[in-house]
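A short worksheet on the structure shown next.
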Amino acid sequence: MATVVVMPQLGNSVESCLIVSWLVAVGDAVAENAIVCEVETDKASMEVPSTAAGTVLALLWDEGDDVPVKEPLLVVGAAGEDPKAALAEIGWSGAGDDGSARSTEEPAAVDDEPSAPAADDAPRTAATGASSPRARALAQANSLDIASVSEGSGPGGRVIERDVRAALSNSTAAAARAGAHGSDAAGTGIGGRITTGDLAAPTEPAAEATPATAAASGREYPGPSTATPLKGVRKVIAERMMHSLASSAQLTYTTTARAAGLLALRAKLKGSPEELGLNGVTIGDLVGFAAIKTAAKHTNHNAHLADGTLTTFENVHLGMAVDTPRGLLVPTVRNANQMSLREFSATSKELAFAAIDGRIDPDLLAGATFTVSNLGGFGIESFTPLLNVPQVAILGVDAIFPRAVIHDDGTVGAEQRIGFSLTADHRVIDGADAARFLQDLVKYVENIDITVLG
Amino acid sequence: MSETNFDVIVLGGGPGGYIAAERLGHAKKKVLLIEAEALGGTCLNVGCIPTKALLGAAKTYDHARHAGAQGVHAPDITVDWAEMQAWKAKTVSTLVGGVGAAEKKAGVTVVKGHGRFDGPGRVTVGEETYSARHVILATGSVPVMPPIPGAADNPAVVDSTGLLAIEEIPARLAVIGGGVIGLEFASLFAMLGSEVTVIEMLPEIVPFMDDDLAAQLRKGLADVSFQLESRVTAIDGGVVRYSAKDGSEQSVEAEVVLMAVGRRPAVQGWGAENTGLEHSGKGVVVDERMRTNLPNVWAVGDVTGRSLLAHAAYRMGEIAAANILDPDAHLRGERMRWNTIPWAVYSNPEAAGIGATESQARAEGRAVGTVTVPGYLSGRFVAEAGVKAPGACKLVYDSTTGQVLGVNVLGTYASETIWGASVVLETELSIHDLRQVVYPHPTVSELIREAAWAAQV
Ligand SMILES: Cc1cc2nc3c(=O)[nH]c(=O)nc-3n(C[C@H](O)[C@H](O)[C@H](O)COP(=O)(O)OP(=O)(O)OC[C@H]3O[C@@H](n4cnc5c(N)ncnc54)[C@H](O)[C@@H]3O)c2cc1C
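Chains as they are written, first to last, in the working numbering: chain G, 761 to 1214; chain F, 25 to 481.
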């Protein structure tokens, strides 16, 4: 009998994947583990391998469809076999609103006949199973009867996580709970539930991240133009950035540090014996290492603020902003404070490459406690990084450039300096706190040869 | 030479220590568990389990004696204390063996011996020093022996361990202290025919119970005589002298005197003093993740002095293990919530409770509502114990939101009912929520529903 290949769970935090392109068509022969399609989560793109060998009998979704994980994706079997039986076996009745399966060549493959199992006649409510596992888990965690979520926005009216989230936010108390589930921080109650104690400080109303882009349609714009609705990673970045600005009291503090030590150590490492494995260490790694030390010392910067609760972390899980073809991604170096310079350099490089290649484990794109964004490579002299909420601080690293100095003897000269921009949430970090953070950072950077010994 | 380098060393094999070792072992950590005496600690060897084995047997005897009203006649029922003790011993050895097997299955190395904590990452047993990234201190507690004249070196005076091993049922038993341990032994020996007197300094027994229910519990222990607000001044052989409520000097005479005024954390004799570990007579100081002031040194169970109950020790052990395995575990609720620990007294009648008492809630400045319903509102209760048996359920709640703040249950099955109340408090359910729960019928748990519907919210 034919085999149904399902959308794999590509990381614990992934609920659904967008099909970017099919690499097989109906009638193609596929081997087990052959790549059948490319998909994109809200953070990365990946390839989906086939779990069965045979002839592709039906593709159940179109490119551009957002497919919940564990949901049937395509059917593979013997050439000429009818895929319906295999789909009926697992109780699948179709992806689209019309209940039809999509296939590029044989739209009739699973269509027309609503003759599949009797259960299909029942209205597609949660009770018949048309809800995603994540939706069910979220509903359950919030004591919500999933059957009460009547409007599913998933394929075929399937109730997915965001529908449950929306349903939960209908009551104020529940809104707090749902909010907490969405963020990295959690409550102090059983299973991380938000308790009334956690709500001692009023929660802000959920920031509606609606950019004020006036409908341009009626206006006159000479010349050709392109309108592209935001999708995928771009859309997520857009929402996060607006939410960041709308939900926190962030401002940026800047300073510079003497870069001579960084340059000297970098030169030394570059020329060091290969066996030590340190010749690849970059200025960025050295600055990142100093930032980790500083964040570990100033735990009020290595923290999350959510629902009026500040959670400080003992370990630094460092987010690193990485420029990728898909846009800004922020992989996390977990427990960065426990790493040697060599380990940190290797790990951060590996993560950055994985992010750029779009093969990063989506779970590694979350969970940072502090973030560094380095635009030094672009020659940027100063910028104001935006907080990656619920984090409360982010360090911007600028280029090294020569600055005029007046030496002790009164003569004028120049020295290499590196710029830093620390954005901090003033709700919990006062100006003096931020200044102390930067003071220590400068010390660590100016004495980097000693810092890396610690 | 044997292996001396571990991921985690656990000092003390009671409920707090052994559960932590087991959880960590299952998570593939290399764990060493050090125990000086027997696995299972106080709880399994001289605490919860042996007392429940004897109380269970005594309840069977008591039920049989009073079964006539239900049409069951068992003439010539007798108690054989030696056989009861054998039942207790068998129960203990079965369960201690179970802990040993569970540790083995979890891959935990168990070393028998007295361990000394030398500082973060180091513990010595005899000649051997073991090292590990993490150390969990779980050395438990010891009975308090107050300096009452005549108490020391008096063969008539025993602590709970001594009373458990006693060779015959005393004709008269004097119990100093009306807390959980005192009451359980008072109830046990009263059921077996001893003449029992409990002398308590405070105005009421079981201080963490709602006063009105505690008074009902006291009345329910009909065969025990209570001397409240009475302070023991001296012990002379089996004669206990005390100044009574009215100021007069009184005394009772007994073959055995149980000293049950409490237990204190075992913070001495294993190195806590010389390592910079923050502790006091009240125990090793921990936070809600069970971290001490020393890096990677954790403490769980009675030694923290925060709650001297086995189930609290279990939970603390689990929390320490979870936080060792994942530094962010507390974000998922793996943290100690001190005010949602239930308690139970396994006397006859039983009593159990959780959360705030009425007076505690008022002291916190809450708008307090309370409701108490009698046991006979439960069909099961009446069918099995009759309408006159002591029984009640009291809810303390916030009268503006209906949130349940405390629950006390008195009567048969109370200890088995109370975990439901734990869930109620953990999840902050309200009286309105409780009304929506479906309760199996007929059960004593239905008293909680009766109380919820009787509440004025
Ligand atoms: C009579 C009685 C009845 C009780 N009934 C109940 C009940 O019904 N329900 C309930 O919840 N609780 C009850 N308790 C309380 C319960 O026994 C304790 O709360 C529980 O045992 C605490 O567990 P723990 O792991 O902290 O310590 P313990 O159980 O005290 O275990 C500590 C262990 O550490 C060992 N140890 C100490 N120092 C060292 C060292 N340096 N090296 C090696 N080993 C060491 C000891 O030998 C001991 O085995 C009762 C207690 C008593 C005395």
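All C-beta atoms, glycine included, are put in the ideal place defined by N, C-alpha and C.
All of these numbers come straight from a predicted model, not from anything done at the bench.
query: Return no unless some Cβ of chain G is closer than 7 angstroms to the Cβ of F/G444.; result: no
query: Is it buried or exposed for F/R242, if we count other Cβ within 10 angstroms and need 16 for buried?; result: buried
query: What did DSSP end up calling F/R242 once you bin it into helix, strand or coil?; result: helix
query: I'd like to confirm the pairing. Which residues does DSSP put opposite G/G837 in its beta bridges?; result: G/T815
query: Quick one: what's got a C-beta closer than 8 angstroms to F/R459's C-beta in the same chain, skipping five residues either side?; result: R473, A476 and W477
query: Please list, in chain order, the residues of the segment 1073 to 1085 of chain G that have any C-beta partner in chain F closer than 8 angstroms.; result: F1073, E1074 and N1075
query: Would you be able to state if there are at least three C-beta pairs under 8 angstroms between the segment 27 to 38 of chain F and the segment 47 to 58 of chain F?; result: yes
query: Starting from G/I950, find everything on chain F with Cβ-Cβ shorter than 7 angstroms and list it in chain order.; result: G357, E450 and T451
query: Please go through the same chain and pick out, in chain order, the residues whose beta-carbon is closer than 6 angstroms to the beta-carbon of F/R313, but skip the five residues on each side of it.; result: N347, H354 and R359
query: I'd like to check one pair, G/V1076 with G/A1063: are the Cβ atoms closer than 7 angstroms?; result: no
query: Tell me where the alpha helix (DSSP H) around G/I795 begins and ends.; result: From DSSP, G/I795 is part of no alpha helix (DSSP H) but of the beta strand (DSSP E) over I795 to E800.
query: Is the closest heavy atom of ligand 1 to the C-beta of F/A60 under 6 angstroms?; result: yes
query: I'd like to confirm something about F/A162: is its beta-carbon nearer than 6 angstroms to some heavy atom of ligand 1, or not?; result: yes
query: Measure the beta-carbon distance from G/T801 to G/P1033 and round it to whole angstroms, keeping in mind my assumption that it falls under 8 angstroms.; result: 42 angstroms between Cβ atoms; not a contact.
query: Relative to chain G, which residues along the segment 335 to 357 of chain F have a C-beta separation below 7 angstroms, given in chain order?; result: P351, L355, R356 and G357
query: For the beta strand (DSSP E) containing F/P74, list its first residue and its last residue.; result: Careful: F/P74 lies outside any beta strand (DSSP E), inside the alpha helix (DSSP H) at C72 to R89.
query: On the three-state DSSP scale, how would you describe G/A976?; result: Residue placement at G/A976 cannot be trusted, given a pLDDT of 43 that sits under 50; the coordinates are not used to answer.
query: Any heavy atom of ligand 2 closer than 6 angstroms to the CB of G/L778?; result: Among the ligands present in this structure, namely ligand 1, ligand 2 is not found.
query: Determine the DSSP secondary structure at F/V481, reduced to helix, strand or coil.; result: coil
query: Considering only C-alpha positions, which residue in the set G/A804, G/T1129 and G/A1056 is nearest to G/S773?; result: G/A804
query: Mind the definition here: the segment 315 to 331 of chain F touches the segment 37 to 45 of chain F only if three or more C-beta pairs lie below 8 angstroms; say whether that holds.; result: yes
query: From the DSSP output, read off the bridge partner residues of G/I850.; result: Paired residues: none, contrary to the question.
query: Do F/I229 and F/G201 have their C-beta atoms within less than 7 angstroms of each other?; result: no
query: In the DSSP assignment, find the unbroken alpha helix (DSSP H) run with F/V204 in it and report its ends.; result: V204 to M215
query: Note down, one range per segment and in chain order, each alpha helix (DSSP H) of at least 4 residues found wholly within the segment 438 to 469 of chain F.; result: 438 to 450 and 455 to 459
query: Counting C-beta neighbours from all protein chains within 10 Å, is the total for G/G1214 16 or more, i.e. buried, or is it exposed?; result: exposed
query: Cα-Cα, which of F/E440, F/N69, F/P179 and F/E219 is closest to F/V120?; result: F/N69
query: Taking 6 angstroms as the cut-off, is the C-beta of G/T948 nearer than that to any heavy atom in ligand 1?; result: no
query: Shorter than 6 angstroms, the distance from the beta carbon of F/G121 to the closest heavy atom of ligand 1, or not?; result: no
query: Taking the alpha-carbon positions, what's the F/P351 to F/A344 distance?; result: 10 angstroms
query: Tell me whether F/K52 is buried or exposed, calling it buried when 16 or more other Cβ atoms sit within 10 Å of its Cβ.; result: exposed
query: Cα-Cα, which of G/A846, G/A998 and G/V996 is closest to G/V764?; result: G/A846
query: My output table needs one value for G/M1080: the three-state DSSP class, helix, strand or coil.; result: strand
query: How big is the Cα-Cα spacing for F/G124 and F/E191?; result: 29 angstroms
query: Can you give me the C-alpha to C-alpha distance between F/M340 and F/A156, rounded to a whole angstrom?; result: 20 angstroms
query: Find the nearest neighbour of F/D457 within the set F/P227, F/L434 and F/V481, judged by alpha-carbon distance.; result: F/V481
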